[in-house]
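Report on the structure given below.
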Amino acid sequence: MSTSLLATDGYKFSMAEAGWPLRQETFYYSHRKGGLQVMPLDLAAFVKALLPEPTPEDYEFLARYDYEMGVGFKAAILRKERLTVRAIPRGALFYPREPILTLTGPSALVSWVEPLLLQLNYRIQVATLALSDRDALARALASVTCEEQKAIALETLDAVGVKPVPITVDSEGYLRRVRAGVKELVDIVEDPARIFEVGLRAATCQEHHELALRACKDAGVQRTSNVEGARKLGMIPVGTMGHEHVQRFGSDEAAFRAMRERRPSRSSYLLDTFDTLTSGIPAAFQLIREDPSAQDSIRFDSGNKKLQYLYAVTRARDAGIRPVNILEDGLDAQATREFEDLRRQVGWEPSAQFYGYGGHIVARTMDCPLTRDRVAAIYKLSRTGNTPVMKFGNELAEGKQSIPGTPVLFRRRHGSGPIGLVGQEGEPVPEGYFPLMESSSEAPSLVGAQEAASEARVAYTPATQALVEELTRRHFPRGR
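Going by the numbering used here, the sequence shown opens with residue 1, and the numbers climb by one from there.
In structure tokens:
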């Protein structure tokens, strides 16, 4: 069964129209935490099975909601033969922060796959737990949200040669918990129209996310980033910009202008790709001052969002503008109450402040603890055309810097040094290491590996470190 073109986030379509859909780009997949983990499947085959088959009806639906796609996107999404997958083999062990998969191909295509690819983290967690702690596995899978989530778990257990554990599907219980959680949020903000859902990347599968959307709709929330979910349930697809868009342009102002000047709809400016206070907010406010009637918004996404919010409100008043504020990333009910209190204190209208929720709605409400946040799964743009790029974020202590270039992974075979080295494509293999992405598949196993895991380190090769330093100097010539 082919994947629908709409089975991704709305901002993938707006970014393609405001960017270069046919440009060759590279993205990589990694887990930022979670300890030693095992790859239970053939990643190249997995990725290719996710790729979409567009229909005229898909494009008609997109156009209806201001995502009318141009000829560049339509060509790029069909160029599957130009997709290059580099990945660690089935059965390989990997550590946090190691790039275990890279996709290179037309920008629109390698970007499109992100939300569904991030759901891979669930399969990896099931496999790792199955091979390390059967009792913990049984507890984790005792109750799941839907039949598809159960089927994925059983398929994964079979792939790693572990006998099934009892699994109960409790969709009704999950629906009740999501409804209750969304109702609490609606009660706090006093209007469901001020809430939108962005949790496709936090789901374990598409059926899981559709259940969450049904509960959201029951509670009055009508907008979601999941375009296919919006079509199925009669909701409204939303989304403008992710970090990859800003990375492509190399500056906040250039990226924001591209979005505003290539699409007629209102824009939402994502502030934190480089630095929210010194770059994101000034660039966004420059555009908003030029055309206050456009009703563009600013989106706070990481770091100390309260500090950023108060700074933005003060700067906006000084500039005589009233941007729409959008809060996302890690929001829960308590954080929402706090931001609503801040909104009242600074005198911002309810109609000019909105909230987006992902994991709080979709993952926190699961009985199963194997969530994306547990391993911090990411998929990041690392090269656009011939230019290496990276996300910096607001605070280096958060550990959210991404890897630039076309990363490859070297594994230590003998000798001393880090167990893993993150290198660059074409770089000579360091002595004592071998290229893990070029290795043969093997039966997944964790036997004998757990003791060494506690001492394992992952580092950059000189080539990767040089790229990081070059990009840092380019974007922060006076330091951070």
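All residues carry an ideal CB built from backbone N, CA and C; glycine is no exception.
For I195 against V227, the beta-carbon gap comes to about 18 Å, at or over 8 Å, which does not count as contact.
Look at the segment 241–286 and you find these whole runs of beta strand (DSSP E), each 3 residues long or longer: 268–270. Shown here, D9 sits in a strand according to DSSP, grouped into three states. Secondary structure at E17: helix, using DSSP grouped into helix, strand and coil. Boundaries cannot be given for R97, as no beta strand (DSSP E) includes it and DSSP labels it neither H nor E. Assignment of beta-bridge partners to Q308 by DSSP yields no partner. The three-state reading of DSSP puts I298 in strand, counting E and B together.
A check of alpha carbon separations from Q295 across K33, P264, A153 identifies P264 as the nearest. Cβ-Cβ separation between Y269 and F27: approximately 22 Å, too far for a contact (criterion under 8 Å). At a cut-off of 3 residues, the continuous stretches assigned as beta strand (DSSP E) that sit fully inside the segment 398–429 are 407–412, 420–424.
Nearest to A463 by alpha-carbon distance, out of S441, Q424, G70, is Q424.
Here the C-alpha atom of P54 lies approximately 18 Å from the C-alpha atom of Q206. Of the residues assessed, T128 falls on the buried side of the cut-off, its CB having 16 or more other CB atoms within 10 angstroms. Here N121 carries a helix assignment [DSSP, helix/strand/coil]. Per DSSP, reduced to three states, the secondary structure at Q465 is helical. For I326, the enclosing beta strand (DSSP E) stretches over residues 324–327. Residue environment: R90 is assigned as buried (16 or more neighbouring CB atoms within 10 Å of its CB, all protein chains considered). DSSP lists D9 as the beta-bridge partner residues of N226. One thing to note: E340 has its Cβ within 8 Å of the Cβ of V189. Within the same chain, Cβ atoms closer than 6 Å to the Cβ of Q125 are found at L370, the five residues on either side in sequence being excluded.
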